[in-house]
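Novice: Residues in the sequence shown are numbered from 22 upward in steps of one, following this note's numbering.
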Amino acid sequence: MTDTYYNAGSLASQPYSNSTFVSPTFNRDFYRFSVGTAGGFNLSLTGMSADADISLYRDSNNNGVFDSSDTYVLGSSRFNNADESINLSSLETGNYLAMVSRYSGDTSNNYTLRLSNSNPSNLLPTEVNVGALSGTRTFADSVGSSDTADTYRFSLGTSSNFNLSMRGLSADADVRLIRDGNSNGIIDSGEEVIRAARGGSADESINLRSLTAGSYIAQVYQYSGNTNYSLDMSTTAAYTPSNLVSTEVNVGALSSTQTFSDLVNGNDTADTYRFSLGASSSFNLSLTGMSADADVRLIRDGNNNGIVDSGEELARSARGGAADDSINLRSLAAGSYIAQVYQHSGDTSYSLKMSTTSPSNLLPTEVNVGALSGTRTFADAVNNSDTIDTYRFSLSSGRNVNFSLSGLSADADIRLVRDGNNNGILDSGEVLGQSARAGSVAESINTFLSSGNYIAEVYQFSGDTNYTLSLSA
């Protein structure tokens with residue numbers, strides 16, 4: 022048996038790469054390299070036809086030959102012809118030997134070895150071969166100083182929406198999606214599709230509108246500290262929201278009115294807002310300020326698996342175009358919930374508001390009446406799953422207005438609002454009139470209004486009821 026030595030030179034971010042073989046006769050290959058500045062270290066051993074392993078030694082006596090005085094650093098010895106890898110956050114300055122050793126096989130075993138000091142690793146061994154990604158797949162592992170990166174290789178047979186979430190972190194780990202276009206096992210310029218790199222132990226997520234068919238790698242990597250993680254990946258059909266619910270915004274206990282601004286687009290199709298209720302209460306949500314079609318749904322992840330399972334979607338608002346969306350529930354039990362804003366079509370900014378007031382203090386435009394002239398009549402219903410309806414109208418000049426609410430079978434009321442600061446929230450002094458008679462008695466408001474924009478609100482007091490609303494000016 023014969024050892025073969027190769028000179029890999031000084032470790033650099035541009036990978037050193039060599040393709041050769043080990044055999045029953047030439048059963049060990051050694052790669053000499055030096056580290057001039059302490060830093061990250063990455064090694065991949067790929068393309069094997071049989072089982073070979075890798076070991077890293079420090080050349081303690083600096084003689085360039087493997088001997089008993091050399092110090093073992095780390096190794097990788099996976100079964101059969103699985104790819105091997107070593108990823109260290111810091112390798113001290115000095116001289117080293119990487120040993121490739123034949124484990125089994127009666128013939129030559131081809132392989133490719135690569136070395137680099139890039140951080141995060143720019144080498145792409147297949148550590149987990151996911152195969153064709155369909156449905157939802159979940160993986161649990163860890164990254165740390167002695168294993169800084171994990172790679173998950175998967176394929177898409179057709180163009181699909183792609184969703185990824187990484188949860189359960191206790192330190193800072195990030196994730197990126199890669200397409201190794203030239204299949205050279207190295208992340209070259211332009212091959213990183215997208216990354217999620219939030220600070221601290223915050224959850225990470227990637228949600229893409231349409232990922233073309235092909236082979237991809239999800240790489241989880243250490244940013245700082247050692248941490249376990251749970252990685253979920255899924256594909257969903259067009260116009261279907263992500264079924265993964267990492268915590269992108271941790272609202273905490275929802276007590277006062279909360280407002281958030283963000284956007285959804287082809288590279289970020291969904292945003293999640295996790296909140297809790299300490300006691301059963303009303304729940305109100307408005308999604309406004311859109312220039313394209315985005316929708317919203319309310320989720321309770323009952324089994325805390327980070328996936329929207331059957332029965333965990335509690336309510337959804339999915340109006341067409343850039344119309345405002347809203348959810349208004351009579352009673353939401355104490356517990357933890359997620360509001361998910363998601364793209365239906367187009368790219369758009371949005372404003373999301375949530376509150377627990379009764380009746381709702383949020384002012385989305387559910388019906389845009391436009392300029393009120395003459396009499397307009399509307400028929401709808403309020404109930405425990407839709408406690409309030411809003412009708413936005415304008416007056417071009419001052420005039421008397423008359424509102425009537427009739428056809429009730431339970432107690433519903435009406436109020437007139439002017440959102441003076443246009444913040445989409447009912448503030449003190451913005452209620453101009455109200456009719457709140459008991460039972461199913463008809464309601465009415467008659468008053469003079471100056472020119473401007475107004476909102477008529479029909480809201481549930483108790484019970485479920487249809488209604489007819491007439492607005493005249």
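We treat Cβ as the ideally placed atom computed from N, Cα and C, and that holds for glycine.
Smallest Cα separation from V241: which of N140, L284, T157, A73?
Specialist: Numbered from 1 along the sequence shown, position 220 holds the residue referred to as residue 241. Checked all of N140, L284, T157, A73; the closest Cα to V241 is N140.
Novice: Judging by CA-CA distance, which residue of R321, S31, L447, Q455 is the nearest neighbour of S297?
Specialist: Locating residue 297 in the sequence shown gives position 276, counting from the first residue. Closest by alpha carbon: R321.
Novice: Along the beta strand (DSSP E) that carries S163, what are the first and last residues, could you check?
Specialist: Along the sequence shown, one-based indexing puts residue 163 at 142. Where S163 is concerned, the enclosing beta strand (DSSP E) stretches over 157 to 164.
Novice: Restricting to Cα atoms, I'd like to know which of L308, S70, S110 is closest to N101.
Specialist: Within the sequence shown, the letter at position 80 stands for residue 101. Here the closest residue by C-alpha is S70.
Novice: Hey, L429 and A400: beta-carbon distance below 8 Å or not?
Specialist: As a first step, residue 429 is located in the sequence shown; it is residue number 408 there, counting from the start. As a first step, residue 400 is located in the sequence shown; it is residue number 379 there, counting from the start. No, they are not a contact pair.
Novice: Note down, one range per segment and in chain order, each beta strand (DSSP E) of at least 3 residues found wholly within the region 272 to 346.
Specialist: Those beta strand (DSSP E) runs which fall completely within the region 272 to 346 and span 3+ residues are 279 to 285, 291 to 298, 302 to 309, 314 to 320, 334 to 338.
Novice: Just checking my contact of F304 with T377 at CB under 8 Å: how many whole Å lie between their CB atoms?
Specialist: If you number the sequence shown from 1, residue 304 lands on position 283. If you number the sequence shown from 1, residue 377 lands on position 356. Correct: roughly 6 Å between the Cβ atoms.
Novice: Enumerated in chain order, which unbroken segments of the beta strand (DSSP E) with a length of 3 residues or greater are wholly contained in the region 354 to 423?
Specialist: Counting only runs of 3 or more, we get 356 to 366, 369 to 376, 388 to 392, 396 to 403, 409 to 416.
Novice: Name the residue from L353, F51, G246 whose alpha carbon lies nearest to the alpha carbon of E88.
Specialist: In the sequence shown, counting from the first residue as 1, residue 88 sits at position 67. Note on residue identity: the sequence assigns Asp, not Glu, to residue 88. Out of L353, F51, G246, F51 has the C-alpha closest to the C-alpha of D88.
Novice: Looking only at its chain, what residues have a beta carbon closer than 7 Å to the beta carbon of G202, apart from the 5 residues adjacent to it on each side?
Specialist: For the purposes of this step, residue 202 is identified with residue 181 of the sequence shown, where counting begins at 1. Only E212 meet the Cβ criterion.
Novice: State the start and end residues of the unbroken beta strand (DSSP E) segment that holds G497.
Specialist: Look at the range of the chain in this structure, 22 to 494, and you will see that residue 497 is not part of it.
Novice: Can you check whether the CB of S347 is closer than 8 Å to the CB of S307?
Specialist: Position 286 of the sequence shown, counting from 1, holds the residue named residue 307. Position 326 of the sequence shown, counting from 1, holds the residue named residue 347. Against a cut-off of 8 Å, the Cβ pair of S347 and S307 comes out as a contact.
Novice: Let me confirm a value: M254 is counted as buried when at least 16 other C-beta atoms fall within 10 Å, else exposed. Which label applies?
Specialist: As a position in the sequence shown, residue 254 is number 233, starting the count at 1. Buried, because 16 or more other Cβ atoms sit within 10 Å of the Cβ of M254.
Novice: Report the residue from V285, A355, N288, S366 whose alpha carbon sits nearest the alpha carbon of D314.
Specialist: Counted from its first residue, the sequence shown places residue 314 at position 293. The shortest Cα separation from D314 among V285, A355, N288, S366 belongs to S366.
Novice: Sort out for me which residues DSSP pairs L32 with in a bridge.
Specialist: By 1-based counting over the sequence shown, the position of residue 32 is 11. L32 is not bridged to any residue.
Novice: Roughly how many whole angstroms lie between the Cα atoms of G85 and Y93?
Specialist: By 1-based counting over the sequence shown, the position of residue 85 is 64. By 1-based counting over the sequence shown, the position of residue 93 is 72. Approximately 15 Å between the Cα atoms of the pair.
Novice: Let me confirm a value: N150 is counted as buried when at least 16 other C-beta atoms fall within 10 Å, else exposed. Which label applies?
Specialist: Start at 1 with the first residue of the sequence shown, and residue 150 comes out as number 129. When all chains shown are included, N150 counts as exposed.
Novice: Checking 8 Å against the spacing of the C-beta atoms, do D432 and S461 come in under that value?
Specialist: Here residue 432 refers to the residue found at position 411 of the sequence shown. Here residue 461 refers to the residue found at position 440 of the sequence shown. Yes, the Cβ-Cβ distance between D432 and S461 is below 8 Å.
Novice: Are Y294 and S163 touching if we call contact CB-CB under 8 Å?
Specialist: Residue 294 sits at position 273 when you count from the first residue of the sequence shown. Residue 163 sits at position 142 when you count from the first residue of the sequence shown. No; because the gap between Cβ atoms is not below 8 Å, this pair is not in contact.
Novice: Going by the CB atoms, is the gap between F175 and L154 shorter than 8 Å?
Specialist: Counting from one through the sequence shown, the residue named residue 154 turns up at place 133. Counting from one through the sequence shown, the residue named residue 175 turns up at place 154. A contact, by the Cβ cut-off of 8 Å.
Novice: Under the rule that 16 or more other beta-carbon atoms within 10 Å means buried, what is V196, buried or exposed?
Specialist: Within the sequence shown, the letter at position 175 stands for residue 196. Its Cβ being crowded by 16 or more others within 10 Å, V196 is buried.
Novice: Can you give me the Cβ contacts of S40 inside the same chain, cut-off strictly under 6 Å, excluding the 5 residues immediately before and after it?
Specialist: Residue 40 sits at position 19 when you count from the first residue of the sequence shown. Only T133 meet the Cβ criterion.
Novice: Below 8 Å on the Cβ atoms is my guess for L453 versus V438; work out the distance and round it to an integer in Å.
Specialist: Here residue 453 corresponds to residue number 432 of the sequence shown, with the count starting at 1. Here residue 438 corresponds to residue number 417 of the sequence shown, with the count starting at 1. Right, the Cβ-Cβ distance comes to about 7 Å (below 8 Å), so this counts as a contact.
Novice: My parser needs the beta strand (DSSP E) runs of 3 or more residues fully inside the region 61 to 120; what are they?
Specialist: Counting whole runs of 3 or more residues, the region 61 to 120 contains the beta strand (DSSP E) stretches 73 to 79, 92 to 97, 105 to 112.
Novice: Our contact map puts G391 next to F414 with C-beta atoms below 8 Å; I'd like the distance itself, whole angstroms only.
Specialist: On the sequence shown, residue 391 is found 370 positions in, with the first residue counted as 1. On the sequence shown, residue 414 is found 393 positions in, with the first residue counted as 1. Confirmed, Cβ separation roughly 7 Å.
Novice: Going by the beta-carbon positions, is the gap between S106 and D74 smaller than 8 Å?
Specialist: Here residue 106 refers to the residue found at position 85 of the sequence shown. Here residue 74 refers to the residue found at position 53 of the sequence shown. Not in contact: S106 and D74 (Cβ atoms no closer than 8 Å).
Novice: In whole angstroms, give me the CA-to-CA distance for I227 and A192.
Specialist: Position 206 of the sequence shown, counted from the start, is the residue given in the question as residue 227. Position 171 of the sequence shown, counted from the start, is the residue given in the question as residue 192. In a straight line, the C-alpha of I227 is about 19 Å away from that of A192.
Novice: If you draw a straight line from the alpha carbon of L178 to that of S236, how long is it in whole angstroms?
Specialist: The residue labelled residue 178 in the question sits at position 157 within the sequence shown. The residue labelled residue 236 in the question sits at position 215 within the sequence shown. First, the amino acid is wrong: residue 178 is Gly here, not Leu. Spanning the two alpha carbons is a distance of roughly 9 Å.
Novice: Would you mind working out which of G327, M375, D368 sits nearest S277, comparing C-alpha positions?
Specialist: Residue mapping note: residue 277 aligns to position 256 of the sequence shown, counting from 1. Comparing Cα-Cα distances from S277 to each of G327, M375, D368, the minimum goes to M375.
Novice: For V462, does the three-state DSSP call read helix, strand or coil?
Specialist: As a position in the sequence shown, residue 462 is number 441, starting the count at 1. It is coil, neither helix nor strand.
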